[in-house]
Amino acid sequence: MSLIVAGERSGVGKTTVTLALLSYLKWQNLQVQSFKVGPDYIDPMFHQYVTGKSCRNLDPVLTSEVYVQQCFARNIQDVDFALVEGVMGLFDGVGFYPPSLERGVEDES
85 MSLIVAGERS
95 GVGKTTVTLA
105 LLSYLKWQNL
115 QVQSFKVGPD
125 YIDPMFHQYV
135 TGKSCRNLDP
145 VLTSEVYVQQ
155 CFARNIQDVD
165 FALVEGVMGL
175 FDGVGFYPPS
185 LERGVEDES
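Residue numbers in the sequence shown follow our numbering, run continuously in steps of one, and reach 193 at the last position.
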């Protein structure tokens with residue numbers, strides 16, 4: 085089984101919820117693999133502390149979508165549960181702004 089923990093913005097508790105879920109899953113004696121989206125190295129250290137297993141970063145910007153898919157598939161082979169912690173917020177991202185926002189607020193003429 086796989087689960088993604090996401091939020092609508094940074095600072096809403098994604099890491100706290102992820103660590104609580106990882107801790108509970110380990111307490112249930114389940115084999116769990118954690119993942120973190122993006123080039124974050126602090127949160128994965130927390131994941132590893134809880135699970136005793138290296139967290140894997142999934143970063144399609146610095147690697148590729150193919151690599152992310154292969155990394156995920158390879159690392160969930162022998163686990164009961166995969167938990168992915170998202171990054172930033174649901175509406176954050178590269179080039180995702182509607183055309184009206186790309187121009188800026190001043191360009192309302």
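Every residue, glycine too, gets a C-beta built ideally from N, C-alpha and C.
Fair warning: this is a prediction, and the values are worked out from it, not measured in the lab.
For the set 111, 165 and 131, the Cα lying nearest the Cα of residue 86 is the one of 165. Residue 113 counts as exposed, since fewer than 16 other C-beta atoms from the protein chains shown sit within 10 angstroms of its C-beta. Of the residues 122, 157 and 153, the one whose Cα lies closest to the Cα of residue 169 is 122.
In this chain, residue 157 is not harboured by any beta strand (DSSP E); it is covered by the alpha helix (DSSP H) spanning 149 to 159. Taking residue 97 as the centre and dropping the five residues before and after it, the same chain places the C-beta of 91 closer than 8 angstroms to its C-beta, in chain order.
Taking 8 angstroms as the cut-off, the beta carbon of residue 89 is found closer than this to the beta carbon of residue 167. Residue range 98 to 111 is occupied by the alpha helix (DSSP H) that includes residue 103, with no beta strand (DSSP E) assigned at that position. Residue 94 is positioned such that its CB atom lies closer than 8 angstroms to that of residue 172. Taking all protein chains in view, the Cβ of residue 150 is surrounded by fewer than 16 other Cβ atoms within 10 Å, so the residue is classified as exposed. Residue 134 sits away from residue 144, with the two beta carbons spaced by 8 angstroms or more. Going by beta carbons, residue 163 and residue 115 fall inside the 8 angstroms limit.
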